[in-house]
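Take 15 as the starting number for the sequence shown in my numbering and just add one per residue. Structure, as structure tokens:
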Amino acid sequence: MAVIYIRDTGEEIRGEENVRRFLESQEVLYEYWNPSKLPEDLQNVCHLNDEDKNQVLSTYDEEIRSLAERRGYKKWDVISLNKDTPDLDTLLKKFEQVHTHTEDEVRAITAGSGSFVIKGEETGYFDVRLSPGDVISVPVNTPHFFTLSEEKQVVAVRLFIDPEGWVAHTFNDPEFEKTKS
Ligand SMILES: [Fe+2]
């Protein structure tokens, strides 16, 4: 279950109702897809071949189609990152730059963990720490970035309206730099 950490105040928000209420107030979609639906040999496994990735998609077919129907997504895939991913550190550095998109960014975490760091209008930057089952969507034009946690591995289903249009626009923000110190 996701945990929220608000950078300005150091406040942590835990518990399903509290997390849902906070994310709703930020217009961030939140859902939970039961991680135990995955075949046992894929539960919390982040080294996946193409066949495994298809298995993840077929396991959550109903959830994916329901979300796609409600919100207009047309395509979906699965990505996995782990310590054997070539150039993982370079990739993470690239990820950790605040940016925006012209469509929302949906991720369903099915194994491993990671955080979205999102700029709230009034709360400032907050981290959404995600574990298997957590599904979120960062709203259109909202500054954010994604990063892995210490275990450095994740599997996520991504849904797109138009994968070609899903481009990152850098968002230089002195306010974010302050939250790092
Ligand atoms: Fe993004």
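Glycine included, each C-beta is placed from N, C-alpha and C at the ideal position.
Ignoring anything shorter than 3 residues or poking outside the segment 120-156, list the beta strand (DSSP E) runs there in chain order.
128-134, 138-144 and 148-152, all fully within the segment 120-156.
If you draw a straight line from the alpha carbon of residue 147 to that of residue 189, how long is it in whole angstroms?
Distance from the CA atom of residue 147 to the CA atom of residue 189, rounded to whole angstroms, is 31 Å.
State the start and end residues of the unbroken beta strand (DSSP E) segment that holds residue 89.
Here the beta strand (DSSP E) through residue 89 covers 89-95.
Is the separation between the beta-carbon of residue 47 and that of residue 142 shorter than 8 Å?
Pairing residue 47 with residue 142 gives a Cβ-Cβ distance that is not under 8 Å.
Between the CA atoms of residue 27 and residue 18 - distance to the nearest angstrom:
Spanning the alpha carbons of residue 18 and residue 27 requires a straight line of approximately 5 Å.
In chain order, each beta strand (DSSP E) run of at least 3 residues that lies wholly inside the segment 21-101
Counting whole runs of 3 or more residues, the segment 21-101 contains the beta strand (DSSP E) stretches 43-46 and 89-95.
The alpha helix (DSSP H) with residue 193 in it runs from where to where?
Unbroken alpha helix (DSSP H) run through residue 193: 188-194.
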